[in-house]
Amino acid sequence: MNKLLVIGLDCAAPSIMFEKLADELPNISKMRSEGVWGKLRSCDPPITVPAWMVMATGRTPGELGLYGFRSREGNSYNKIKIPTSRDIKFDTIWDIIGKRNRRSVVIAVPPSYPPRPITGILVTDFLTPGKDKEFTYPPGLKNEILSKYPDYEFDVKFRKPEKEKIIDEIHKMTETRFKMAIDFMKNKPWDLFFFVEIGIDRIHHAFWRYIDEKHHLYEDNPLMREKFVNYFKMVDKYVGEMVEQVDEDTLVMIVSDHGAKGMKGAFAINQWLIKEGYLKLKSNNIKPGSSLDDVEVDWENTKAWAWGGYYARIFLNIKGREEKGIIDPMDVRKEIEILKEKLKSIKGPNGEEWDTKVFEPEEKYDVVNGDRSDLFVYFDDLSWRAAGTLGYETMYLLENDTGPDDAVHDYDGIYVLYRKGKKVGKTFNETIYNVMPTMLDVFSVRKITGLKGKVMEGMRYVK
Amino acid sequence: MAEDKKYTTVSIPTPLFEKIQKKIEGTGFTSVSDYVTFILREILAHSNDQEAFTEEDEKRVKERLKSLGYLD
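Line by line, the protein sequences give chains A and B.
The numbering of the first sequence is the working numbering, which starts it at 1 and goes up by one.
The numbering of the second sequence is the working numbering, which starts it at 464 and goes up by one.
Structure below.
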């Protein structure tokens, strides 16, 4: 075994792939019954950036210095930076095997824009500004893609009201990308093929309400349910076609960066910080849905503020660190402990107990590089997303503050290891940190120090 | 002067030129100049603080991320 095909399905969840739709996915289900499969615990935070790079480098978000889709610049109040390929300071699997003259085809692994040279070819991810930019290595590959696949897209703008249209757009986008991937599998030389498809994530976020009877926005809509199921059937069909291209010397690995579950609502964290006296605004006349950038914050009297998303990041306003910081550095520990307890005691809209997780980055990672917030918060164990916007009548929003959203992220993604000619059929739960050591094992690379994970248990059986 | 023209000439050793010519066979690079330009840009990008995104690019990506619910 000396080749590796990685099929990355962003956000693919055990409850859908292994349970609800298992009977609709003959190829993936067959790979499970003949291979090794299970849940793949994501990193903290379980978010696309950093999770894919955790997989591709084996490093923690702390080491990578990436904690989500934005980083704060220079302890500022409102300057943010979007992660790019230049922020990845550790070697990826394709960098490491490239030095050993093994070739890779890398498609859409976030963040990979701008394209960096590799031994092989690379197409950038959905964080690419547009098709007018250089999005491939080598640069000429872009013309090949655009002439053969003129409707190639990096992503869809999915939170639009025309739901039927969007699901069809996502379907088409995914189909085009799979077709391109299969074309590359056949026509480009590779030892490692690493392909990420973002469509499943978009489908979950926009259409979860059609397949989850327990969702507070559940809609019994047979057409949308059918479209949802058909999307997954299409993914399964192309996974089958990809696997058809490989021989017995190739390990096939299906992985997802995190899972998904129904969203219960969005908690307006900055509104809560105002109520608790941590955040002060200069005017109380705020338009609903305003972001902190739209309002005048009274920084001289503010102790903390937050960013929303699938989890909340809370920053303290510390003297000497922030421009108008007011918390004395000697009091930071005390303030953090108090704030943690207050956050953990937040109850749901009807007074129900929440299982909110609050931690400092240092509690999760041995090394904490780059921009980091002072606290990470998972409201009700991620079931409630955090809204950074404010001006609402309530702190509990039943929909996402930036548009309709049905699903939040969950800790467990999926993995399947499959090799033609092997009949295994075993289940083990693994973590995302074990992906890199397993990939390295396929290429017999053993000397990478400092990796947290280990080779997956299932390798014993597929090797 | 170099600044007045869109392209200018630099010299590299002939054996290196030939090596590159061979290396880019079958890749998307259509000429040694294309390849050398790409490599030099890449090195320059890593050796100074040049931003990966232009201001306009960053705006486009931020808008998309906002619509995806990641920035709020």
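Glycine residues also receive a C-beta, built at the ideal position from the N, C-alpha and C atoms.
Ignore the nearest five residues each way along the sequence and tell me which others in residue i's own chain have a CB closer than 8 Å to its CB.
i, result
"A:Glu34", "Tyr418, Lys422, Lys423, Val424 and Gly425"
"A:Lys334", "none"
"B:Asp459", "With chain B covering 464 to 535 only, the question about residue 459 of chain B has no answer from this structure."
Could you work out which residues of chain A lie near residue i, taking near to mean beta carbons separated by less than 9 Å?
i, result
"B:Glu481", "Simply none; closest approach about 19 Å."
"B:Glu521", "Lys81, Ile82 and Pro129"
"B:Thr490", "Ile121, Pro138, Gly140 and Leu141"
For residue i, is the classification buried or exposed, using 16 other Cβ atoms within 10 angstroms of its Cβ as the cut-off for buried?
i, result
"A:Leu21", "buried"
"A:Lys282", "exposed"
"B:Lys482", "exposed"
"A:Glu430", "buried"
"A:Phe359", "exposed"
"B:Phe480", "exposed"
"A:Gln271", "buried"
"A:His258", "buried"
"A:Met253", "buried"
"A:Ser256", "buried"
"A:Arg446", "exposed"
"B:Met464", "Summary for B:Met464: the model assigns pLDDT 46, below 50, so the residue's position carries little reliability, and this model does not support an answer."
"A:Gly277", "exposed"
"A:Met17", "buried"
"A:His409", "buried"
"A:Lys39", "buried"
"A:Leu251", "buried"
"A:Pro14", "buried"
"B:Thr502", "Per the sequence shown, the amino acid found at residue 502 of chain B is Ile instead of Thr. B:Ile502 should be labelled exposed."
"A:Gly120", "buried"
"B:Thr517", "exposed"
"A:Glu353", "exposed"
"A:Pro361", "buried"
"A:Pro45", "buried"
"A:Cys11", "buried"
"B:Ile506", "exposed"
"A:Gly98", "buried"
"B:Tyr470", "exposed"
Using the beta-carbon of each residue, which ones in chain A are nearer than 7 Å to residue i?
i, result
"B:Lys525", "Ile82"
"B:Thr493", "Gly140"
What does residue i reach in chain B if we use C-beta pairs closer than 8 Å?
i, result
"A:Arg70", "Leu528, Tyr533 and Leu534"
"A:Val261", "Strictly speaking, residue 261 of chain A in this sequence is Lys, with Val absent from that position. Simply none; closest approach about 15 Å."
"A:Asp405", "Gly532"
"A:Lys133", "Asp520"
"A:His205", "Leu531 and Gly532"
Our contact map puts residue i next to residue j with C-beta atoms below 8 Å; I'd like the distance itself, whole angstroms only.
i, j, result
"A:Ser71", "A:Asp371", "4 Å"
"A:Met31", "A:Val442", "No, A:Met31 and A:Val442 are not in contact; Cβ-Cβ is about 17 Å, not under 8 Å."
"B:Arg520", "A:Lys133", "Arg is not the amino acid found at residue 520 of chain B; the sequence shown has Asp there. Correct: roughly 7 Å between the Cβ atoms."
"A:Glu73", "A:Ile80", "6 Å"
"A:Asp90", "A:Arg59", "The displayed chain sequence assigns Phe, not Asp, to residue 90 of chain A. Contact flag correct, Cβ pair sits at about 5 Å."
"A:Asn434", "A:Lys454", "6 Å"
"A:Tyr461", "A:Phe376", "In fact, because the Cβ distance is near 36 Å, the residues do not count as touching under 8 Å."
"A:Arg75", "A:Val243", "According to the sequence displayed, residue 75 of chain A carries Asn and not Arg. In fact, because the Cβ distance is near 48 Å, the residues do not count as touching under 8 Å."
"A:Ile448", "A:Leu440", "6 Å"
"A:Phe178", "A:Tyr238", "4 Å"
"A:Tyr378", "A:Lys357", "4 Å"
"A:Ile326", "A:Phe195", "That belief does not hold up - the Cβ atoms of A:Ile326 and A:Phe195 are roughly 49 Å apart, past 8 Å."
"A:Thr302", "A:Leu279", "5 Å"
Using C-beta distances below 6 Å, list every residue in its chain close to residue i, excluding the 5 sequence neighbours before and after it, in chain order.
i, result
"A:Lys324", "Trp299 and Glu300"
"A:Trp307", "Arg313 and Gly388"
"A:Ile145", "Tyr152"
"A:Phe154", "Phe126 and Thr128"
"A:Phe228", "Phe207, Tyr210 and Ile211"
"A:Pro61", "Cys43, Pro50 and Tyr67"
"B:Pro476", "none"
Within a Cβ cutoff of 7 Å, which residues of the same chain sit near residue i, ignoring the five residues on either side of it in sequence?
i, result
"A:Glu241", "Ile182"
"A:Gly320", "Pro329"
"A:Ser291", "Gly388 and Thr389"
"A:Tyr137", "Pro115, Arg116, Pro117, Ile118, Ile121 and Leu122"
"A:Arg225", "Tyr210 and Ile211"
Going along chain A, which residues have a C-beta under 8 Å from residue i?
i, result
"B:Glu505", "Arg116 and Pro117"
In chain B, which residues lie less than 7 Å from residue i when you measure between Cβ atoms?
i, result
"A:Ser256", "The contacting residues do not exist; A:Ser256 stays about 17 Å from chain B at best."
"A:Glu144", "Gly491"
"A:Asp155", "Arg527"
"A:Gly467", "The first residue shown for chain A is 1 and the last is 463, placing residue 467 of chain A beyond what the model contains."
"A:Gly308", "Asp535"
"A:Ser291", "Asp535"
Name the chain B residues whose beta carbon is nearer than 9 Å to that of residue i?
i, result
"A:Gly351", "Under the 9 Å cutoff, chain B gives no residues; its nearest Cβ is about 26 Å from A:Gly351."
Chain C beta carbons: is any one of them nearer than 8 Å to that of residue i?
i, result
"B:Asp520", "Absent here is chain C; the protein component of the structure consists of chains A and B."
Could you please tell me which residues of the region 366–382 of chain A, in chain order, have their CB closer than 8 Å to any CB of chain B?
Across the region 366–382 of chain A, no CB contact with chain B closer than 8 Å is found for any residue.
By the 9 Å beta-carbon criterion, what residues does the region 85–103 of chain A contribute toward chain B?
Legend: CB atoms of the region 85–103 of chain A lying less than 9 Å from CB atoms of chain B belong to residues Ser85, Arg86 and Asp87.
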